[in-house]
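Peer 1: Okay, so the sequence shown: first residue is 3 according to our numbering, each after it adds one. Heads up, the beta-carbon is just placed ideally off N, CA and C, and yes, glycines get one too. Once you've had a glance at the structure underneath, I'll fire off some questions.
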Amino acid sequence: MKKLLITIDGPAGAGKTTVSRALADRLGYRYIDTGALYRAVALAAKTRGTNPKNDAELKGLCAELELAFVIVEAELRLFLNGEDITDHIRTAEITMLASTISARPVVREYLLDLQRTLGKEKAAVFEGRDMGTVVFPDADLKFFLDATTRTRALRRYDEVKSQSTQTLEEVDLDIQRRDRNDSTRELAPLKPAQDAIVIDSTDLSVAEVVELMVSHIVE
Ligand code: DC
3 MKKLLITIDG PAGAGKTTVS RALADRLGYR YIDTGALYRA VALAAKTRGT
53 NPKNDAELKG LCAELELAFV IVEAELRLFL NGEDITDHIR TAEITMLAST
103 ISARPVVREY LLDLQRTLGK EKAAVFEGRD MGTVVFPDAD LKFFLDATTR
153 TRALRRYDEV KSQSTQTLEE VDLDIQRRDR NDSTRELAPL KPAQDAIVID
203 STDLSVAEVV ELMVSHIVE
């Protein structure tokens, strides 16, 4: 079968990660979490004290970063300059910083090349915000996964509640703030590509969403 490049975009908490992983497993494809790359740059900026609003500083920072996805014991891990940072990029602080940093053109430019290089071989599911619109406008199949804000907040809350002190209302507000940041930024704002298949996952299980996607792929 022809090797496809599949993109899944959508707002925070729409279920992109779970669905993208499941779809990639089902097809025997690689799964690439591009949000993790923005989180990695945010972590590096925090560690080195880079001003997230200063483009020259951010450019210097990006030039020193080496990011690589590596499969360790069947799990996808992200390495930053040789160090496994996978477990350090999901805190509430890094989440907000990643959102701020992802609006900076120098950061997007740096990650654009990296993402396109990762996509060269196809046979991959790329998850993000601008996969279908900017990074891979010629992707073979584009999905935009959405859900109501409350549903997304509830899902995110369930995910983080064991490791975080945030209340559901705080998670809900964070999601709204991130939606605003991600969809109103000038460069590569979050929006469905014109040729994307939009799926509302509010009332669908992960398995149902994956089935729906597979039916489009088969078609
Ligand atoms: O998907 P995520 O929550 O891990 O993404 C973290 C941040 O990175 C999010 O605020 C939006 C940004 N992002 C982006 O701008 N473009 C992408 N392709 C992926 C993520």
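Give the DSSP-derived three-state secondary structure of ARG182 in the structure shown.
Peer 2: It is helical.
Peer 1: Within this structure, are the beta carbons of ALA47 and ILE103 separated by less than 8 Å?
Peer 2: Yes, these two residues count as a Cβ contact at 8 Å.
Peer 1: May I ask you to list the residues that DSSP assigns as paired with TYR33?
Peer 2: In DSSP, TYR33 forms a bridge with VAL127.
Peer 1: So the candidates are ARG106, ASN53 and GLU59; which of them puts its Cα closest to the Cα of ALA187?
Peer 2: Here residue 187 is Arg; the residue named in the question, Ala, does not match the sequence. Ranking ARG106, ASN53 and GLU59 by Cα distance to ARG187 puts ARG106 first.
Peer 1: Taking the alpha carbon of ASP184 as the reference point, which residue from ASP11, LYS5, PHE138 and LEU6 has its own alpha carbon closest?
Peer 2: Residue ASP11 is the option with its Cα nearest to ASP184.
Peer 1: Please classify THR49: does DSSP put it in a helix, a strand, or coil?
Peer 2: THR49: helix per DSSP, three-state reduction.
Peer 1: Is there at least one Cβ from chain C nearer than 8 Å to THR93's Cβ?
Peer 2: Absence of chain C from the displayed structure is noted, only one protein chain being present.
Peer 1: Skipping 5 residues on each side, what residues in its chain have a beta carbon closer than 6 Å to that of ALA195?
Peer 2: Excluding sequence neighbours, ALA195 sits near GLY134, THR135 and LYS144.
Peer 1: Is the Cβ-Cβ distance between VAL127 and CYS64 less than 8 Å?
Peer 2: No, Cβ-Cβ distance for VAL127 and CYS64 is not below 8 Å.
Peer 1: Hey, would you say LEU69 sits closer than 8 Å to LEU60, going by beta carbons?
Peer 2: Contact: no.
Peer 1: Considering LYS144, what are the terminal residues of the beta strand (DSSP E) in which it resides?
Peer 2: Element bounds for LYS144: 143–148.
Peer 1: Considering only their Cβ atoms, is the gap separating LEU192 from ARG131 smaller than 8 Å?
Peer 2: The answer is yes: Cβ separation under 8 Å.
Peer 1: How close, in whole Å, do the beta carbons of ALA1 and ILE91 come, if the pair is a contact with beta carbons under 8 Å?
Peer 2: Residue 1 lies beyond the range of the chain shown here (3 to 221); nothing can be said about it.
Peer 1: How many angstroms separate the CA atom of VAL220 from the CA atom of ILE199?
Peer 2: Between VAL220 and ILE199, the C-alpha separation is close to 14 Å.
Peer 1: Name the DSSP beta bridge partners of ASP11, please?
Peer 2: The partner list for ASP11 (beta bridge, DSSP) reads GLY130 and PHE146.
Peer 1: Could you compute how far the alpha carbon of SER217 sits from the alpha carbon of VAL21?
Peer 2: One C-alpha to the other measures close to 14 Å.
Peer 1: Going by Cα to Cα distance, which pick from ARG180, GLU210, TYR33 and ASP176 is closest to ILE73?
Peer 2: For ILE73, the nearest C-alpha among the options comes from TYR33.
Peer 1: Rounded to the nearest angstrom, what separates ALA58 and THR52 at their Cα positions?
Peer 2: Distance between the alpha carbons of ALA58 and THR52: 10 Å.
Peer 1: Under a three-way DSSP split, which group does ALA70 fall into?
Peer 2: Note: ALA70 maps to strand in three-state DSSP.
Peer 1: Express the C-alpha separation of GLU172 and GLN165 in angstroms, rounding to a whole number.
Peer 2: Going from the Cα of GLN165 to the Cα of GLU172 covers about 14 Å.
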